[in-house]
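FYI, in the working numbering the residues of the sequence shown are -2 to 125. Think of the CB as a built atom: it goes at the ideal place given N, C-alpha and C, for glycine as much as any other residue. Quantities reported herein were computed from a predicted structural model and do not represent experimental measurements. Report on the structure given below.
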Amino acid sequence: MRRLLLLFPLLSLCSTACESDGRELFTQLSVRFILPDDRPVERIELLSDISYCENINTKERVFFTVLDGRSATLTLQKGVYTLIVEANLHYADGTVQYVRNADHNTPSEALAWMDDRSAIVLLLKYVN
């Protein structure tokens, strides 16, 4: 009987320690965009339908929605992802240039994000 009385508090402790709110399954990914030159940019227009992170295991796509200057933050399930970013850069002189990332857009170049917070720098290159 004494063993049973000692076992009960231990089991209740284990069951509460295993409870989860699901936050540990996700990471906050901060993406900073490096532009191809130093000309002043008035606006970066992400092509939202083709700018996303794709989980290579589940094929789930998370699209870039909000751009804050030259960076964006996404909430992703922890895992291995490819990145596709395409945008139009609107320069102060009125010109518009089409750019995209050249790295991490194929499964062989995929990146794994397993921490609670992650960051990456993406170099955008001109597309001719």
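Return the chain-ordered list of same chain residues with a C-beta closer than 7 Å to the C-beta of residue i, the five sequence neighbours on each side being excluded.
{"i": "Leu64", "result": "Ile41 and Leu43"}
{"i": "Ala107", "result": "Ile53, Val77, Tyr78, Thr79 and His101"}
{"i": "Lys75", "result": "Leu22, Phe23, Thr24, Trp110 and Met111"}
{"i": "Tyr49", "result": "Arg58, Val59, Phe60, Phe61 and Ile81"}
Should residue i and residue j be called a contact, given that it needs their Cβ atoms to be closer than 7 Å?
{"i": "Val59", "j": "Leu119", "result": "no"}
{"i": "Trp110", "j": "Thr55", "result": "no"}
{"i": "Val121", "j": "Phe30", "result": "The sequence shown places Leu at residue 121, not Val. Contact: yes."}
{"i": "Leu22", "j": "Ser115", "result": "no"}
{"i": "Tyr95", "j": "Val38", "result": "no"}
Please list, in chain order, all residues of the same chain as residue i whose beta carbon is under 8 Å from its beta carbon, the five residues on each side excluded.
{"i": "Pro104", "result": "Ile53 and Thr79"}
{"i": "Asp90", "result": "Arg36"}
{"i": "Thr72", "result": "Phe23, Thr24, Gln25, Leu26 and Val59"}
{"i": "Ser45", "result": "Phe60, Phe61 and Thr62"}
Between residue i and residue j, which are expected to be in contact by the criterion C-beta below 8 Å, what is the C-beta distance as a whole number of angstroms?
{"i": "Val124", "j": "Asn98", "result": "Contact doesn't hold; Cβ gap of about 11 Å is too wide."}
For the ligand ATP, is there a heavy atom less than 6 Å away from the beta-carbon of residue i?
{"i": "Val38", "result": "Ligands in the displayed structure: none, and consequently the ligand ATP is not present."}
Could you tell me which uninterrupted beta strand (DSSP E) segments, each at least 3 residues in length, are contained entirely in the region 16 to 91, listed from first to last along the chain?
23 to 31, 38 to 43, 49 to 52, 58 to 60, 68 to 74, 76 to 81 and 83 to 88, all fully within the region 16 to 91.
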